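In this note's numbering, the protein residues as written are -13 to 114.
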């Protein structure tokens, strides 16, 4: 194997591994900081300031929040995710975009490290 290729594969492997570890820790911290979200079926109501959603939480309390962007309304009802302990916050998906982005970047860099490692080992074995 040419030395330049060996060095490049080693660099890709270590950069991918290091970035995956750092981004993985950041994703874990962001996920924990994001809190717990539960699915709720909310009723959409028109108000002078815009549409709002209202729902009952697990304790029977009424929650109210603005209709989130991207929510699809079916028969004046919508499936959203409400944060536990809060009655003024909903979103369309279970996880935040930040957590999803960090998790995808972690997976991408881990794949880079794995590909670099596998190609390096295969070329070492083929070289004899």
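C-beta atoms are modelled at their ideal positions from N, C-alpha and C, and glycine is treated no differently.
All values derive from a computational prediction rather than experimental measurement.
Of the residues 96, 111, 64, 113, the one whose Cα lies closest to the Cα of residue 8 is 96. Straight across, the Cα-Cα distance linking residue 103 with residue 48 is about 54 Å.
Between residue 78 and residue 51 a beta carbon distance of about 12 Å is seen, past the 8 Å cut, so the two are scored as non-contacting. Contact annotation, residue 13 with residue 92: C-beta distance approximately 6 Å; criterion of less than 8 Å satisfied. The DSSP-derived three-state label of residue 108 is helix.
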